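Student: Mind looking over this structure? Questions follow.
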Amino acid sequence: MSELGDVESLLRSALRPVEPAEGLSDRLERGLSEITGAAAEELADTELSAMRNPRNWGRPVAAAVVGGAATGALVLVRARQRQKKRQARGLRAVEKGVQGVSAGLRRRLGG
Amino acid sequence: MDEVAHRSRLDSDFTELYRSHLRDVYSYAYYRIGNHHDAEDITEQTFLQAYRHFERAQLESHGRPLRPWLIRIAHNLAANYYRDRSRRPQIPLEDAALVSALHDTEELVQGRQRLKDVLEGVAKLPEDRREALIMRFSLGMDNKEIARALDRTEGATKVLIHRAIKQLEQGLKEGGDE
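Below is the structure:
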C-alpha cells in the first residue's frame with residue numbers, strides 16, 4: 001500500500017458496474033424484436049418461393065414458428081429480469097412482471 | 112429446415128449474449144462518455160449493430176467469448192461520438208445522485224473525494240489507457256479479452272494497463288501535494 005492507498009482497489013470502487021435503467025431494456029428488446037420479426041418474414045418469403053416444389057411444403061410453417069420463437073426468446077429475457085426483481089421487490093414487482101410478460105405476448109400475437 | 116434451425120439457434124445465442132452483457136456494455140459506455148443519456152444511446156446502437164453482424168462474428172470467433180467483440184463495437188461508436196461532436200469525456204461522479212446510488216454512507220463520508228479524484232484522473236488519461244482501465248476495473252476483463260477488444264497483443268495490453276495505473280497514481284500524488 002502506497003500513501004495514496006491501493007490505486008487498483010480505488011479504481012474498482014470508482015468504476016463499479018452501472019445497472020442500466022429498465023427503460024433501456026424495454027427499448028432495446030422492442031428494437032431487437034422488430035429486427036428478428038423482419039428476419040423471420042424474409043425467411044418466410046424465401047421459403048414461400050420454394051413452395052413450387054411439393055417436397056418443401058412444410059417449410060414456411062416452420063419458418064413462422066421460428067420467427068415467433070425468436071421474438072419469444074426476447075420476451076423471455078424480460079420475463080427473467082422481472083423474475084429477479086420480484087424476489088427483491090415483493091408483490092408489487094410480481095404484478096409489474098406479469099404485466100410486462102403480457103405486453104410481450106400481446107406484441108408477439110399482434111406482430 | 113436447416114436454415115430455419117440455424118436462425119433459431121442464432122437468435123437464441125444472441126439473446127444469451129444480450130442477457131449476459133447488457134450491464135457490461137452499458138457500464139463501458141457510461142464511464143467512457145460520462146452521462147446516462149448518451150450511454151443508453153451507445154448501448155442500444157451496440158446491440159443493434161451486433162445483431163446484424165452476429166452470425167459472422169460467431170463464425171470467426173471459433174468458440175472464443177464474444178464480449179471483446181461487443182465492447183469493440185461500443186468502442187467504435189464512442190469514438191465516433193467524440194469525433195462527430197468534438198466532445199471531451201465527462202466525469203461521471205459530478206452526478207450527485209449517482210454517488211448516492213453507487214456507494215453506501217460510510218464510503219461517502221470516508222472516500223467520496225478520493226473516488227472523485229480517481230475518476231477525474233481517469234478522465235485525463237489518454238484514450239487507450241482510459242479504456243483499458245474501464246475494461247479491467249469496471250467490466251473485470253482479463254488481459255486477453257482487453258487485447259482482443261483493443262486489437263493489441265497481450266504483452267502490449269499488459270504494458271498499457273501498467274502505465275495507465277502508474278500515470279494515474281502519479282497524477283493523484285501530484286494532486287495531493289498541491
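These protein sequence lines are chains A and B, in that order. For the first sequence, the working numbering assigns the number 1 to the initial residue and increments by one for each residue that follows. For the second sequence, the working numbering assigns the number 112 to the initial residue and increments by one for each residue that follows. Heads up, the beta-carbon is just placed ideally off N, CA and C, and yes, glycines get one too. Keep in mind that this is a model prediction, so the values were computed, not measured.
1) Within the 9 Å Cβ cut-off, does ALA38 of chain A reach chain B?
2) Can you check whether the C-beta of GLU22 of chain A is within less than 9 Å of a C-beta belonging to chain B?
3) Is it a yes or a no for the stretch 221-232 of chain B touching the stretch 275-288 of chain B, going by three-plus beta-carbon pairs under 8 Å?
4) Taking just the CA atoms, how far does GLY232 of chain B sit from MET252 of chain B?
5) So, for ILE153 of chain B: in the same chain, excluding its five sequence neighbours on each side, which residues have a beta-carbon less than 7 Å away from its beta-carbon?
6) Do we get a CB-CB distance below 9 Å when we pair GLY174 of chain B with the residues of chain A?
7) Give the DSSP-derived three-state secondary structure of VAL229 of chain B in the structure shown.
8) Would TYR192 of chain B count as contacting chain A if we go by Cβ distances under 9 Å?
9) Could you list which residues in chain B have their beta carbon closer than 8 Å to that of ARG30 of chain A, in chain order?
10) In whole angstroms, what separates the C-alpha of GLN169 of chain B from that of SER9 of chain A?
11) What is the C-beta distance between THR264 of chain B and ILE257 of chain B, in whole angstroms, given that I count them as a contact (C-beta under 8 Å)?
12) For a quick check, are the C-beta atoms of PHE165 of chain B and VAL136 of chain B less than 9 Å apart?
13) Please tell me whether ASP253 of chain B has its Cβ less than 9 Å away from any Cβ of chain A.
14) With the cut-off set at 9 Å, would you say TRP180 of chain B and ALA150 of chain B are in Cβ contact?
15) Alpha helix (DSSP H) containing ASN254 of chain B: first to last residue?
16) Using a C-beta cutoff of 9 Å, does THR268 of chain B count as contacting chain A?
Tutor: Straight from the coordinates:
1) no
2) The Cβ of GLU22 of chain A sits no closer than 9 Å to any Cβ of chain B.
3) By the C-beta criterion, the stretch 221-232 of chain B is judged to be in contact with the stretch 275-288 of chain B, since at least 3 inter-stretch pairs fall below 8 Å.
4) 21 Å
5) ALA140, ILE144, ALA185, LEU188, ALA189 and TYR192
6) Closer than 9 Å: no.
7) helix
8) Cβ-Cβ to chain A under 9 Å: no for TYR192 of chain B.
9) Ordered by position in chain B, no residue passes the 8 Å Cβ test against ARG30 of chain A, which lies about 10 Å from the chain.
10) 35 Å
11) Their Cβ separation, rounded to whole angstroms, is 11 Å, which puts THR264 of chain B and ILE257 of chain B out of contact at 8 Å.
12) no
13) Answer no: the Cβ-Cβ gap between ASP253 of chain B and chain A never drops below 9 Å.
14) no
15) 254-261
16) no
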